[in-house]
Each structure stands twice: as structure tokens, then as C-alpha cells.
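Encoded as C-alpha cells, the structure appears first; notes follow it.
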Amino acid sequence: MELRHLRHFVALAEECSFTHAAARELIVQSGLSSSVRALEKEVGAELFVRGSRPVRLTAEGQALLPVARHTLEAAAAARQAVQDVRGLLSGHLRIGTYPVNPDFLPLPTWLAGFARAHPALEITVRQTGGAAMTQMVADGRLDCALLDPLDGSPSGLQVLPMVSERLVAAVPAGHPLVGRQSVTLRRLAREPFVETDPTWTTRHRTDRAFAAAGLTRRIACEVADWRLLLDLVRAGLGIALAPPSQVGTDDEESGQALCLIPLAGVAIERELALVLPAGLSASPAARRIASYLSARTHNGAAEA
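As C-alpha cells, then:
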């Protein structure tokens, strides 16, 4: 049984698309199909439901998937054990992240430095929601992820805090709240809100804060993009609670400043932490970048 066949099988199972899986593995679709057929012949069973869109695993494929992942991880660990003797890091690092303002957390600079220090290591960056990234780390599709861990450390995962910032009220120029030194949630609850997607961690934290205060608010619009959200606030559709770092970057690009007002009587924190499997369950690359990133944060402030 060839490792490349298992790798192609796992890619197709995770991507649910021959096109996406082939692109991920940098091969043509016919090569991917041949690889999967060879594996099916070797195990004596069909691993995917033929003709299904998206691609779905058969019962046999579902049984093989965790074993295939474990086998690939073991092979990578074997290679790394040899490289460790020579002080090298090789293999593949799959890291998830939110879009982050480099002034808040200089992740691009850090990843570039890490890559230069480990030229034999292949790095893949994936961007998606926090809940999805947490699950991907838990089931082995990501080695680690930089996200806001809403409820602390999930079972079997380790959470390493990196940086945090307090949300502030963002209001458009000319709004009656402009000029205030601070503002309470009770006062904000009288305003229409432009909000993030309900699945976003920042939204969960905001909803919890209003619920804890016994307040309800009107959501005028929900979007899944910070830039669009802030543009809608500028246009007067409503106000928002947002991370100052995100507003700062957007103001520079739009040329239209928003008024940022600190909250009074409550602190709503947006946190960024590195989530990875606990202990030795984490890949060597995940453990190494965890140490690398932790060394570059101090007392919640990022250092370039």
C-alpha cells in the first residue's frame, strides 16, 4: 500500500471534490482517480459512492479514513524523527487563521521567518471560521489554528493565548454619540446594529454581553466581512462593536474615519490564541511553531 494513495484518498475525502483534491495534491484529476482506484483494488472495496456530488465516502471509506490519517501522521513522524537528529524540521504544516491586521499580530512576517528557518517544511494556510478551524484541528485536518477560543480549551486540544483587544463602539461621523468619552451597553441598545455572522466568535461575545446585561437590541444587518460591515456603519445603516485594529486598517484604506468609543462598565475581549492538539498528539511542526509564536508575544502584546 503506497502512502501517496492514502494521501490522495484523504484529500478527496476532505475536499469532497476531485477538482479541489487534485489541485491540493498538485496532480491532474485522472491521476487522482487512478490513485483512488488502485487503493480500492488493494483493499478490495469501493471507498467512494460513485456518481455522488459532492463526493461521499462509502461505509468502507468512512472506516478507512481515520486509519489513513493516522498512517500518514505516523509516516511523517518517522521522517521527522530522523530529521530531529540533524536539527531539521520537514514535512507539512497546515495552519488555520483569521484575517488579522498585521499591526495587531504580524503573522505574515512571522510565518515568513519561520519558513526561512525551516526551508524543508511546506506550509499551507487555511482561512475559515473559528468553530470550523477548531473542528479541523480536532480531527487532524489542520495541525494548528490561530483563532478566538470562545469557551476555552476544547477536549484534547491545547490553547496558547497570543494577543487580545477590547471591542469598542464604532459610529459614523455626525452620530449623536460622537464626542463621548465612553458609552454603556444600555445606551447602545437604543441604536440599530450592523453585526457579523451569528457563527463568528466576536458575535457570540457581543450577544453574551448584552444578554448578561438583560438587554435586547435590533440587528439591522448581518454580514460576514469586516470591511463591508464598517462601510455600512459609515453609510449610516447602524453602529457596531468592533476590534480597534480592524477599524484602523479599514479607515486607512477607505479614507473615511469612524468614531471609536470605549465601552463603560463592561469589557468585551477579542482574543487570539493558537489551538493545537494537546501534548505529543501535536505534530512536530505544530509544536515548533507554537514555541516560535509564543516567544514573539509578551503580556498580550505582539512583538514583530
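So my numbering is basically just the index in the sequence shown, starting at one, shifted up by 107. The C-beta atom is built at its ideal place from N, Cα and C for all residues, glycine as well.
Taking the beta strand (DSSP E) that residue i falls in, what are its first and last residues?
i, result
"Pro261", "From DSSP, Pro261 is part of no beta strand (DSSP E); its letter is neither H nor E."
"Val340", "Run containing Val340: none in the beta strand (DSSP E); it sits in the alpha helix (DSSP H), 333–341."
"Leu348", "347–349"
"Leu367", "366–368"
Bridge partners of residue i, per DSSP?
i, result
"Thr272", "Sequence check: residue 272 is Glu here, not Thr. The partner list for Glu272 (beta bridge, DSSP) reads Arg377."
"Glu229", "His199"
"Cys251", "Ile202"
"Gln234", "Thr204"
"Ala393", "Note: Ala393 sits in no beta bridge, so no partner."
"Glu329", "Glu302"
"Gln155", "The identity of residue 155 in the sequence shown is Phe, whereas the question assumes Gln. Phe155 is bridged to Leu164."
"Pro279", "DSSP output for Pro279 lists no bridge partner at all."
"Pro256", "In DSSP, Pro256 forms no bridge with anything."
"Val382", "Ala252, Val266"
What distance in whole Å lies between the Cβ atoms of residue j and residue i, which are believed to be in contact at a cut-off of 8 angstroms?
i, j, result
"Leu344", "Cys366", "Incorrect: roughly 15 angstroms between the Cβ atoms, too far for contact."
"Leu310", "Thr303", "One point to set straight first is that residue 310 is Arg, not Leu, in the sequence displayed. The pair is a contact, with the Cβ atoms about 5 angstroms apart (cut-off 8 angstroms)."
"Leu383", "Ala364", "Actually they are not in contact, since the Cβ atoms of Leu383 and Ala364 sit about 38 angstroms apart, beyond 8 angstroms."
"Arg131", "Ala118", "5 angstroms"
"Ala238", "Thr306", "6 angstroms"
"Pro268", "Ala245", "Rounded, the Cβ-Cβ distance is 19 angstroms, inconsistent with contact."
"Ser289", "Leu379", "In fact, because the Cβ distance is near 24 angstroms, the residues do not count as touching under 8 angstroms."
Counting along the chain, where does the alpha helix (DSSP H) carrying residue i start and finish?
i, result
"Glu302", "Careful: Glu302 lies outside any alpha helix (DSSP H), inside the beta strand (DSSP E) at 299–303."
"Glu147", "136–150"
"Arg294", "292–295"
"Arg160", "Here Arg160 belongs to no alpha helix (DSSP H), and DSSP marks it neither H nor E."
"Ala316", "308–319"
"Val117", "110–122"
"Arg223", "214–224"
"Arg131", "125–132"
Go ahead and label residue i buried or exposed: buried means 16 or more other beta carbons lie within 10 angstroms of its beta carbon, across all protein chains shown.
i, result
"Pro142", "Before going on, a small fix: residue 142 reads as Ser here, not Pro. Under this definition Ser142 is a buried residue."
"Ser390", "buried"
"Met240", "buried"
"Asp332", "exposed"
"Asp255", "buried"
"Ala129", "buried"
"Leu337", "buried"
"Leu335", "exposed"
"Ile346", "buried"
"Ala222", "exposed"
"Gly362", "Note that Gly362 scores 49 on pLDDT, short of 50, meaning its location in the model is unreliable; the coordinates nonetheless yield the value given after this. Burial call: exposed."
"Arg326", "Per the sequence presented here, residue 326 reads as Ile, with Arg not at that position. Classification of Ile326: exposed, given that the 10 Å Cβ count is below 16."
"Gln136", "exposed"
"Phe317", "buried"
"His112", "buried"
When the cut-off is 8 angstroms and only beta carbons count, does residue i lie next to chain B?
i, result
"Arg325", "No chain B appears in the structure shown, which is made up of a single protein chain."
>> If contact is defined by three or more beta carbon pairs under 8 angstroms, each pair taking one atom from either stretch, is the segment 244–260 in contact with the segment 197–207?
In response: The segment 197–207 is in contact with the segment 244–260.
>> Three Cβ pairs or more, each shorter than 8 angstroms: is that satisfied between the segment 167–184 and the segment 277–286?
In response: The segment 167–184, when compared against the segment 277–286, does not touch it at the 8 angstroms Cβ threshold.
> Does the segment 147–156 come close enough to the segment 205–218 that 3 or more CB-CB pairs lie under 8 angstroms?
Replying inline: no
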